[in-house]
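Just so we're aligned: 158 in UniProt numbering is position 158 of the sequence shown, and the numbers increase by one with no gaps anywhere.
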Amino acid sequence: EGVDGGRVVCSVSCSPTAYPLLSSNALDDLQHDMTSLLHATLSHPTIRPKNLCILPGKKSWLLNLDVIIFSDAGNIFDAIFMAARAALWDTKLPTSHFLDATLQEEASVPLKLLVLYSFQSDAPPLLRSMRLLGTGVSDLVQVKSLLKDGEKYARIVWTALEGKLKDEDLRRNQKARERFLNR
């Protein structure tokens, strides 16, 4: 389940202060009932969004929705479903490009080289870690070539991630400034 378009897993937790007159067993039963209702509603296949699929039939997103009840002043189920809708409305799935070797490809490669680089703006990249995995044999010339390729790909990934993180930081700071000014 979940491979054909992803799924949502829900849980509802209640603070004991929300229901001070209930025993711990009764509170567990209430949490279970609330979780069952929320999960049954949101995990139904008819409302499953298509964008949870990464690779059709193979990979998909699993969304975990945790609702915590701190207080109950009535109509708790409406509050739970409104909170769930707000959380899912605000959820953004990253654009994903899944690149992974198949089992057949994994088996055909007797050797893997894992590299870890760190990048600083004013210095050349530093090779922090290198691990050669497998039963195959490699000579120094091949390892040097693989390290150069690994550095190139690591820089591409690092540059893209750094740009996204800076954009997100700017966006969050701008929203905070707007909220502060609009008070």
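Every residue gets a Cβ at the ideal spot worked out from N, C-alpha and C, and that includes glycine.
Are residue i and residue j closer than 8 Å when you measure CB to CB?
| i | j | result |
| --- | --- | --- |
| residue 184 | Val115 | Residue numbering for the chain in the displayed model covers 1 to 183; residue 184 lies beyond these limits and cannot be assessed. |
| Ile69 | Ser15 | yes |
| Pro110 | Thr135 | yes |
| Ala84 | Val67 | yes |
| His124 | Arg155 | The sequence given here has Pro at residue 124, not His. Their beta carbons are not under 8 Å apart, which means Pro124 does not touch Arg155 by this criterion. |
| Leu65 | Val8 | yes |
| Lys112 | Leu133 | yes |
| Ala18 | Ser71 | yes |
Alpha carbon to alpha carbon, how far is residue j from residue i? Give it in angstroms, no decimals.
| i | j | result |
| --- | --- | --- |
| Ile47 | Gln104 | 35 Å |
| Asp33 | Gly74 | 16 Å |
| Leu88 | Gln142 | 48 Å |
| Lys59 | Asn51 | 12 Å |
| Leu37 | Glu178 | 38 Å |
| Ser121 | Ile80 | 47 Å |
| Leu55 | Asp78 | 35 Å |
| Pro20 | Thr91 | 33 Å |
| Ser108 | Thr102 | 10 Å |
| Thr41 | Asn182 | 37 Å |
| Trp61 | Gly5 | 8 Å |
| Tyr117 | Glu151 | 7 Å |
| Ser13 | Thr159 | 40 Å |
| Leu30 | Glu106 | 48 Å |
| Cys53 | His39 | 19 Å |
| Pro45 | Gly57 | 15 Å |
| Leu170 | Asp28 | 42 Å |
For residue i, does the three-state DSSP call read helix, strand or coil?
| i | result |
| --- | --- |
| Pro56 | coil |
| Asp72 | coil |
| Ser13 | strand |
| Val157 | helix |
| Val67 | strand |
| Arg171 | helix |
| Phe180 | helix |
| Thr41 | helix |
| Ala26 | helix |
| Asp149 | helix |
| Asp90 | helix |
| Ser138 | coil |
So who's on the other strand from residue i, going by DSSP bridges?
| i | result |
| --- | --- |
| Met130 | Val115 |
| Arg7 | Leu62 |
| Ala123 | Gln120 |
| Val109 | DSSP lists no partner for Val109. |
Checking contacts by CB at 8 Å: is residue i closer than that to chain D?
| i | result |
| --- | --- |
| Met130 | Given the protein chain composition of this structure (a single chain), no chain D is represented. |
When you compare the stretch 126-133 with the stretch 158-171, are there three or more beta-carbon pairs, one atom per stretch, that lie closer than 8 Å? no
Count Cβ pairs between the stretch 147-158 and the stretch 169-182 that sit closer than 8 Å; are there 3 or more? no
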